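Residue numbers for the sequence shown follow our numbering, beginning at 19 and rising by one. Structure first, then comments.
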Amino acid sequence: MFGLEVQKPSRSAVFAHATTLPREERESFLSRALSDDPEGVAEVRELLRFHDDSASFLEQPVVPAIVSPGPIDGSADALAAGTRLGSFTIVRTLGIGGMGVVYLAEQEYPRRTVALKLIRTGVASSQSLRRFEREAEVLGRLQHVGIAQIYEAGTLDTPRGRQPYFAMEYVAGRPLLEAARELPVRDRLETLAQICDAIQHAHAKGVVHRDLKPGNIMVSPEGRAKVLDFGVARVTGGDHAATMRTDMGQLIGTLAYMSPEQVAGDPSVVDPRSDVYALGVILYELLSGRLPHDTRKRSVPEVVRAIREDDPPSLSSLDHRYRGDVEIIVARALEKDPARRYPTAEDFAKDIRRYLADEPIVARSPSAMYQFGKFARRNRGLVGGVAAAAVLLIVGTAVSTTLAIKASRERDRARDAESRAAEQRRQAIEEAKTSKEVTDLVRKMLAAADPSRGQGRGVTVEAMLDAEAKRL
């Protein structure tokens, strides 16, 4: 870990940030950023001059120009509408860069609308032209619906002589951040997944973008995200030496979207995971409306240190809606250590889509309750039906149990009543029997006392009872 007291910004990082500043502010910025490196100040100053006057073809602001609302007036370099250049007819000027002009043009064969950029041979160095050819070859590898296509490149005869040109897909859309403001969160996530798909295609072809940012991504009226401007892309296979650039001016990126390994200034450690980090920054900004590390009013050393050492505020601390899987996905993409990030843009996209499908994400250690919760959200109808059936079963069981208990009590009461009735019948029979015996006894005693039936002797009650007792 590098502390602020020992960490100095690389010259490449200073150069990258300086290219984003107005020209009148660059000199004072260089003096502050490289106060103890006069040689570095001179070198960056020279690189800035080269950048302004003869930067490579694709490093000019082509993307903003393509969506510019109208032509830029007052340029002697612009060709008039209707000018024919080979199979192209100029419609209007879209934008003017340091070494080229971008036009909206109609191509005759095949019939299509293109963004046509011409490089002026008077300001383009041999190095710039070589880079242009290499960049055109790199873009020629990429054939994906999410990447603005390069159609052809070469030279054209123009009123100003033979000029290199570049024809590419014209994207009639809006910049990513502008389009995203109108999208719900789920659509923003799906848009980022689309961008990941495009970048995965580039990585599969051996191309690392190295300058992914919202300004290099357009959204078509149909909602399709398009990645543009592979001007500083690095080839990871093939002629690797041709793209491993050792001078600082070649390490171009936008500081706020650069990975920790990029701001370290060592191009040898930059690989597809650096693009994954930039995609994480873009998603963070899409969701929260701010960058993970605020670059406003901060010096390059401060920004570099923050990118390398500081954890950005969690998304849930900015918006509670992102608590849980969303902030975990973004945090995984923004890991300082490349080995802890998603290994590929495809893996990043898959986790986003798992979240959108209410499936468990791989960036999170799964628990039984977490997986059940995901299953429940993914199968709301099934779980709702099962829950309703369970409730009915519980209610039915409770009702049945209550009725059974009540019936049992009724049976017990009936048995008790029957027992009491039987006892009462038994007692009644016994009483009736006793009553009959008493009646018979009295009848016999009376008969014995009848003088007309006796032997003329008087019989006392006591004598009759004694006689009956002896009989029993």
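Where a beta carbon is used, it is the ideal one built from N, C-alpha and C, also for glycine. The model shown is predicted, which means the values in this text are computed figures rather than measured ones.
Please report the straight-line C-alpha distance between residue 368 and residue 420, rounded to a whole angstrom. Approximately 52 Å between the Cα atoms of the pair.
Just how far apart, CA to CA, sit residue 566 and residue 153? The shown model of the chain, from 19 to 490, leaves out residue 566, and the question about it has no answer.
Could you please give the first and the last residue of the uninterrupted alpha helix (DSSP H) stretch that includes residue 47? Taken as a continuous stretch (DSSP letters only), the alpha helix (DSSP H) holding residue 47 covers 41–51.
By Cβ distance, which residues of its chain are closer than 8 Å to residue 169, with the 5 residues on each side in sequence left out? Cβ neighbours of residue 169 beyond the five flanking positions: 125, 130, 132, 185, 186, 187.
For residue 36, does the three-state DSSP call read helix, strand or coil? In this structure, residue 36 counts as helix in the three-state DSSP scheme.
Between which two residues does the beta strand (DSSP E) harbouring residue 187 extend? First-last of the beta strand (DSSP E) with residue 187: 179–187.
Do residue 343 and residue 295 have their C-beta atoms within less than 7 Å of each other? Between residue 343 and residue 295, the C-beta spacing is not below 7 Å.
When you compare only the Cα positions, how much space is there between residue 409 and residue 416? Roughly 10 Å separates the two Cα atoms.
Counting pairs of Cβ atoms below 8 Å between the region 316–326 and the region 286–294, do you hit three or more? They do not touch, by the three-pair rule.
Please state whether the Cβ-Cβ distance between residue 309 and residue 274 is less than 7 Å. Yes; because the gap between Cβ atoms is below 7 Å, this pair is in contact.
Where residue 208 falls: helix, strand or coil (DSSP): DSSP places residue 208 within a helical segment (H, G or I) once states are collapsed to three.
Return the CA-CA distance between residue 121 and residue 277, expressed in angstroms with no decimal places. For residue 121 and residue 277, the distance between alpha carbons rounds to 34 Å.
Please classify residue 84: is it buried, with 16 or more other beta-carbons within 10 angstroms of its beta-carbon, or exposed? Low confidence applies here, because residue 84 scores a pLDDT of 32, under 50, leaving its location unreliable; read the following figure in that light. Around the C-beta of residue 84, 16 or more other C-beta atoms lie within 10 Å, and the residue is accordingly described as buried.
Tell me where the beta strand (DSSP E) around residue 379 begins and ends. Per DSSP, residue 379 belongs to no beta strand (DSSP E) and is neither H nor E.
Rank 314, 360, 248 by C-alpha distance to the C-alpha of residue 155 and give the top, closest one. Considering only alpha carbons, the answer is 248.
Which residue or residues does DSSP assign as beta-bridge partners of residue 125? In DSSP, residue 125 forms a bridge with 106, 130.
What are the boundary residues of the alpha helix (DSSP H) that includes residue 343? Residue 343: member of the alpha helix (DSSP H) spanning 343–351, first to last residue.
Please classify residue 349 as buried or exposed, where buried requires at least 16 neighbouring CB atoms within 10 angstroms. It is buried - the Cβ of residue 349 has at least 16 other Cβ atoms within 10 Å.
Once the 5 residues before and after residue 491 are set aside, which same chain residues still bring their CB inside 7 Å of it? There is no way to answer for residue 491, as the model of the chain reaches only from 19 to 490.
Does the distance from the C-beta atom of residue 211 to that of residue 347 stay below 7 Å? Residue 347 sits away from residue 211, with the two beta carbons spaced by 7 Å or more.
Counted within 10 angstroms of its Cβ, other Cβ atoms place residue 182 as buried (16 or more) or exposed: Its Cβ being crowded by 16 or more others within 10 Å, residue 182 is buried.
Between residue 271 and residue 237, is the Cβ-Cβ spacing less than 7 Å? For residue 271 and residue 237, no; Cβs fall outside 7 Å.
Spatial distance of residue 361 from residue 100 (CA atoms): Rounded to whole angstroms, residue 361 and residue 100 show a C-alpha spacing of 49 Å.
Give the single residue among 363, 328, 302 whose Cα lies nearest to the Cα of residue 340. The option with the nearest alpha carbon to residue 340 is 302.
Tell me where the alpha helix (DSSP H) around residue 300 begins and ends. Counting along the chain, the alpha helix (DSSP H) containing residue 300 begins and ends at 290–306.
Residues in its own chain within less than 7 Å of residue 306 by CB, not counting five upstream and five downstream? Excluding positions up to five away in sequence, the list reads 333, 336, 337.
Using only CA atoms, which one of 430, 317, 429, 279 lies nearest to residue 359? The residue with the shortest Cα to Cα distance from residue 359 is 279.
Local Cβ density within 10 Å of residue 113, reported as buried at 16 or more and exposed below that: Buried: at least 16 other Cβ atoms inside 10 Å.
Cβ atoms of residue 253 and residue 165: under 7 Å apart, would you say? Not a contact, by the Cβ cut-off of 7 Å.
So for residue 192, helix, strand or coil by DSSP? Strand, per DSSP.
Where does residue 244 fall in DSSP's three states? Three-state result, residue 244: strand.
Using only the heavy atoms of the ligand MN, determine whether one of them is closer than 6 Å to the beta carbon of residue 354. Here there are no bound small molecules, and the ligand MN is not part of this structure.
Residue 363 and residue 217: beta carbons closer than 7 Å? Between residue 363 and residue 217, the gap from beta carbon to beta carbon is short of 7 Å.
Beta-carbon contacts of residue 206 that lie in its chain and below 6 Å, excluding the five residues immediately before and after: Once the five neighbours on either side are set aside, the close Cβ partners of residue 206 are 198, 304.
CB residue 318 to CB residue 51, shorter than 7 Å? Their beta carbons are under 7 Å apart, which means residue 318 touches residue 51 by this criterion.
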